[in-house]
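Student:
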Amino acid sequence: NLGVVTSIEDLPTKRLDKTTGLVVVDTTLGGKAYIDPRMGTVRLSNGLPLSTQQLVLTYTPKFLRVSTGTTSAYAGVSHFNDSRLDGVAPPTTTKYWARPNNTSIVAGDTPRVNRFWFSYNRAAAGAGQAARPFMKTMRMGVQLPNQIYTDTNGNIVGLTVTGATDFFQVDPVKGRIYFSPADEDRAVTINYSGIDPSTGVQLPGFVENRTVSLISEMDEAPVPIEQAVNESNMFAFPDPFDNATLPRPNLVWMFWSSTRGGSPDLYFQTVAPRFAPQASRN
899 NLGVVTSIED LPTKRLDKTT GLVVVDTTLG GKAYIDPRMG TVRLSNGLPL STQQLVLTYT
959 PKFLRVSTGT TSAYAGVSHF NDSRLDGVAP PTTTKYWARP NNTSIVAGDT PRVNRFWFSY
1019 NRAAAGAGQA ARPFMKTMRM GVQLPNQIYT DTNGNIVGLT VTGATDFFQV DPVKGRIYFS
1079 PADEDRAVTI NYSGIDPSTG VQLPGFVENR TVSLISEMDE APVPIEQAVN ESNMFAFPDP
1139 FDNATLPRPN LVWMFWSSTR GGSPDLYFQT VAPRFAPQAS RN
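In structure tokens:
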């Protein structure tokens, strides 16, 4: 996406239709936009964007769906906020963390992940599968339309973030930039180089104007469990160890019951998924 985002709303004409509950506004394209807050839909009449243009909608949702699918039966959610240190040791290990001035973190910097952890049960999705616990994480951030270019040494080239007030972390492969809670709902401008998916060549000049919001980090994935048969809802919480001088993977403790042995038994384990971003392959 090149260029800047320009509003097509003619704000003085914006009004609420009390009969239908729709928000109606004239657009600079020559028609009208009909916004249905209850259904979460936007319809354009008459004036439509060109095929070379991209339509972007910015809004504040009333609800967010954590689960991925709409056909599986979900139940028993457990959630906690992980605000532990990320276990970096700059300059040796930075995990693509940067300061608000776009320089890499240095010794003494202690960025925190501020990660939303979810675990929940999902019904069997097909033949030969069993109902089992799943997990997912979300963070404040921005999802870009392209991967972020890194050179042969894994260094990010040509990335500038304007508007951040605290540490931010870049995930080149997923095309995401994660921000701190202090930057929630803040407008940021991101200049970066993408990657040609067919050749791996650097594509400079991408500019994105976005608002920091809650986005996915780790996609929905099954909790690693041997012989998942009839697992109960999980109780999960972060390991209390949090020491900047002794960085280690951020463990999560999980407790649950299961009848896999014929009668209910209690089980527990720790998991430490790999969250550290990787360099994009070019």
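Each residue of the sequence shown is one higher than the one before, starting from 899 at the first, in the working numbering.
Where is the CB? At the ideal position from N, CA and C, for every residue including glycine.
Opposite residue 1060 in the DSSP bridges: which residues?
Tutor: Paired residue(s): 1087.
Student: Starting from residue 1169, follow its DSSP beta bridges and name the residues at the other end.
Tutor: BP columns for residue 1169 point to 1150.
Student: Which first and last residues belong to the beta strand (DSSP E) in which residue 992 is found?
Tutor: Here residue 992 belongs to no beta strand (DSSP E), and DSSP marks it neither H nor E.
Student: Can you tell which of 1115, 932, 998 and 1178 has the C-alpha that lies nearest to the C-alpha of residue 913?
Tutor: The residue with the shortest Cα to Cα distance from residue 913 is 932.
Student: Do you know whose CA, among 1156, 1033, 1108 and 1136, lies nearest residue 904's CA?
Tutor: Measuring from the Cα of residue 904, the nearest candidate turns out to be 1108.
Student: Could you give the C-beta distance for residue 1044 and residue 1093, rounded to a whole number, given that I count them as a contact under 8 Å?
Tutor: Residue 1044 to residue 1093, Cβ: 7 Å. Contact.
Student: Per DSSP, what kind of secondary structure is residue 909 in: helix, strand or coil?
Tutor: Helix at residue 909.
Student: Here's a check: name, in chain order, each residue in its chain whose Cβ is nearer than 7 Å to the Cβ of residue 1028, leaving out the five neighbours to either side.
Tutor: Here the set comprises 1022, 1126 and 1127.
Student: Is the distance from the Cβ of residue 862 to the Cβ of residue 1118 below 9 Å?
Tutor: Residue 862 is absent from the structure shown; the chain starts at 899 and stops at 1180.
Student: Which class does residue 931 belong to by DSSP, given the choice of helix, strand or coil?
Tutor: If DSSP states are grouped into helix, strand and coil, residue 931 belongs with the strands.
Student: Identify whether residue 924 lies in helix, strand or coil by the three-state DSSP scheme.
Tutor: Correct three-state label for residue 924: strand.
Student: Mind checking residue 1106: buried by the 16 CB within 10 Å criterion, or exposed?
Tutor: With 16 or more other Cβ atoms within 10 Å, it is buried.
Student: Kindly list the residues whose CB is nearer than 6 Å to the CB of residue 900, restricted to its own chain and excluding five residues on each side of it in sequence; keep chain order.
Tutor: Unreliable placement is indicated for residue 900, whose pLDDT of 47 sits below 50; the coordinate value is still reported in the next sentence. Cβ within range, chain order: n/a, list empty.
Student: Quick test of your reading: residue 1145 and residue 986, contact by CB under 8 Å. State the CB separation rounded to the nearest angstrom.
Tutor: Their Cβ separation, rounded to whole angstroms, is 6 Å, which keeps residue 1145 and residue 986 in contact under 8 Å.
Student: Please go through the same chain and pick out, in chain order, the residues whose beta-carbon is closer than 6 Å to the beta-carbon of residue 934, but skip the five residues on each side of it.
Tutor: Excluding residues within five positions, the ones whose Cβ falls inside 6 Å are 920.
Student: Hey, quick one: how far does the beta strand (DSSP E) through residue 1109 stretch, first residue to last?
Tutor: Segment 1100 to 1109, the beta strand (DSSP E) holding residue 1109.
Student: Nearest to residue 1034 by CA position, among 997, 959 and 1112, is which residue?
Tutor: The option with the nearest alpha carbon to residue 1034 is 1112.
Student: From the DSSP output, in three-state form, read off residue 1095 for me.
Tutor: Here residue 1095 sits in coil by DSSP.
Student: Kindly give me the distance between the Cβ atoms of residue 970 and residue 1132, rounded to whole angstroms, as I take these residues to be in contact under 8 Å.
Tutor: Contact flag wrong, Cβ pair sits at about 17 Å.
Student: Examine the Cβ distances between the segment 1047 to 1058 and the segment 1134 to 1151 and report whether three or more of them are shorter than 8 Å.
Tutor: They do not touch, by the three-pair rule.
Student: Exposed or buried, residue 909, counting other C-beta atoms within 10 Å across all chains shown (16 or more means buried)?
Tutor: With fewer than 16 Cβ atoms within 10 Å of its Cβ, residue 909 is classed as exposed.
Student: Compare the Cα-Cα distances from residue 1161 to each of 980, 1130 and 1067 and report the closest residue.
Tutor: Nearest C-alpha to residue 1161: 1130.
Student: Between which two residues does the beta strand (DSSP E) carrying residue 1184 extend?
Tutor: With the chain covering only 899 through 1180, there is no way to say anything about residue 1184.
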